[in-house]
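This report refers to the structure that appears directly beneath it.
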Amino acid sequence: MNGGNCSIVSEFVFLGFSNSWEIELLLFLFSTVFYVASLMGNLLILLTVTSDPHLQSPMYFLLANLSIVDLTFCSTTAPKMIYDLFRERKTISFGGCVVQIFFIHAVGGVEIVLLVAMAFDRYVAICKPLHYLTIMSPRKCIWFLFASWIIGLIHSVAQLAFIVDLPFCGPNELDSFFCDLPRFIKLACIETFMLGFMVSANSRLISVVSFLILIISYILILVTVQKKTSGGISKALSTLSAHVTVMVLFFGPLIFFYIWPFPTSQLNKFLSIFDAILTPFLNPVIYTFRNKEMKTAMRRLCMRFVNYSKIS
Numbered sequence: 001m002n003g004g005n006c007s008i009v010s011e012f013v014f015l016g017f018s019n020s021w022e023i024e025l026l027l028f029l030f031s032t033v034f035y036v037a038s039l040m041g042n043l044l045i046l047l048t049v050t051s052d053p054h055l056q057s058p059m060y061f062l063l064a065n066l067s068i069v070d071l072t073f074c075s076t077t078a079p080k081m082i083y084d085l086f087r088e089r090k091t092i093s094f095g096g097c098v099v100q101i102f103f104i105h106a107v108g109g110v111e112i113v114l115l116v117a118m119a120f121d122r123y124v125a126i127c128k129p130l131h132y133l134t135i136m137s138p139r140k141c142i143w144f145l146f147a148s149w150i151i152g153l154i155h156s157v158a159q160l161a162f163i164v165d166l167p168f169c170g171p172n173e174l175d176s177f178f179c180d181l182p183r184f185i186k187l188a189c190i191e192t193f194m195l196g197f198m199v200s201a202n203s204r205l206i207s208v209v210s211f212l213i214l215i216i217s218y219i220l221i222l223v224t225v226q227k228k229t230s231g232g233i234s235k236a237l238s239t240l241s242a243h244v245t246v247m248v249l250f251f252g253p254l255i256f257f258y259i260w261p262f263p264t265s266q267l268n269k270f271l272s273i274f275d276a277i278l279t280p281f282l283n284p285v286i287y288t289f290r291n292k293e294m295k296t297a298m299r300r301l302c303m304r305f306v307n308y309s310k311i312s
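Note that the UniProt record's numbering numbers the sequence shown so that position 64 is 64, with each residue one more than the last.
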């Protein structure tokens with residue numbers, strides 16, 4: 001019994017795709033490859049930005065911190081999920097489940113604020129280029145970073161405040177690969193309809209409002225550029241395409257989880273895997289593929305390693 005919440009449930013069981021060993025084997029290979037690729041891609045971006053003097057600008061400062069967030073996010077759920085795909089009985093302790101929920105919501109909140117900050121950075125760079133370094137000063141960048149972590153932690157703690165004292169006396173099966181807050185709440189031994197509604201409304205409000213803010217900001221950028229220069233719209237679209245793609249990849253699964261009125265268990269599981277593993281992998285790929293400076297800096301970094309290895 002967990003005395004802190006008067007619970008007789010000490011662990012939870014993930015169902016995964018319990019009826020198909022073939023699918024779980026395929027997911028094991030898929031998840032392992034993309035998790036390792038996510039780690040390597042985000043570490044490469046982090047190392048490139050911090051080591052290259054040509055990338056010491058606000059945009060790359062925010063990009064490096066987004067890579068740190070992606071590293072944290074995928075490492076919160078992916079290692080446990082990959083390990084469990086080998087096991088017939090997939091379990092997690094009560095405390096481990098709460099910790100997973102805490103980090104998922106904290107890091108998710110941080111990423112939302114960072115994406116808003118990156119949208120603001122692009123707005124200033126495109127619409128107010130002469131004032132860019134003044135507006136996006138190092139102090140402002142640090143403030144954005146500090147605010148993102150504070151907001152993420154507040155959001156996560158606010159979510160957990162609703163559930164830490166819930167009694168759990170069975171059943172203890174979660175139809176997922178990792179601890180999902182709405183499913184977690186449904187396992188409590190008391191009526192949790194209103195509590196589940198409040199938790200979902202909280203996440204729904206943050207996701208939708210942030211998504212709308214980002215959409216509006218990018219529309220304003222395009223309108224401003226179109227008014228200022230003929231043909232500038234195509235250049236702006238090229239510059240913003242990576243940011244918009246990352247935004248859709250991040251918010252798409254979130255909006256589906258919390259707003260779609262007809263969720264299905266199997267689709268939710270696939271989207272959960274996509275959100276936990278594939279999105280952190282795609283972020284560095286998208287930003288480097290669309291950015292000539294990043295590709296050039298990575299080539300310089302590789303050449304330094306090659307030259308160093310030759311000297312050694």
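Yeah, the Cβ is synthetic: ideal placement off N, Cα and C, and Gly gets one too.
Sheet register partners of residue i (DSSP bridge)
i: GLU173; result: VAL13
i: THR91; result: VAL13
Cβ pair residue i, residue j closer than 8 Å
i: LEU71; j: LEU39; result: yes
i: CYS97; j: PHE197; result: no
i: PHE177; j: LYS269; result: yes
i: PHE146; j: VAL9; result: no
i: VAL107; j: GLY152; result: yes
i: SER137; j: VAL113; result: no
i: PRO284; j: GLY41; result: yes
i: LEU160; j: ILE101; result: yes
i: CYS189; j: CYS169; result: yes
i: VAL157; j: VAL110; result: no
i: PHE86; j: PHE30; result: no
i: ILE277; j: TYR35; result: yes
i: ALA37; j: PHE281; result: yes
i: THR279; j: LEU249; result: yes
Cβ neighbour criterion (16 or more within 10 Å) applied to residue i
i: VAL164; result: exposed
i: TYR60; result: buried
i: ASN307; result: exposed
i: MET1; result: Low per-residue confidence applies at MET1: pLDDT is 40, beneath 50, and the placement is therefore not dependable enough to give any value.
i: PRO14; result: Reading off the sequence, residue 14 comes out as Phe, not Pro. Result: buried.
i: GLU24; result: buried
i: CYS179; result: buried
i: MET247; result: buried
i: LEU267; result: exposed
i: PHE305; result: exposed
i: HIS105; result: buried
i: THR134; result: exposed
i: PHE251; result: buried
i: ILE154; result: exposed
i: PRO58; result: buried
i: MET303; result: exposed
Span of the alpha helix (DSSP H) around residue i
i: ASN283; result: 279-289
i: VAL49; result: 21-51
i: THR72; result: 58-84
i: HIS155; result: 138-161
i: LEU133; result: 132-135
i: ILE8; result: Careful: ILE8 lies outside any alpha helix (DSSP H) and carries neither H nor E.
i: LYS186; result: 181-186
Counting Cβ pairs, one atom from each stretch, are 3 or more of them under 8 Å apart for the stretch 124-133 and the stretch 65-84? Not touching, per the Cβ criterion.
Are at least three pairs of beta-carbons, each pair with one atom in the stretch 213-220 and one in the stretch 183-193, less than 8 Å apart? Output reads no: the stretch 183-193 does not touch the stretch 213-220.
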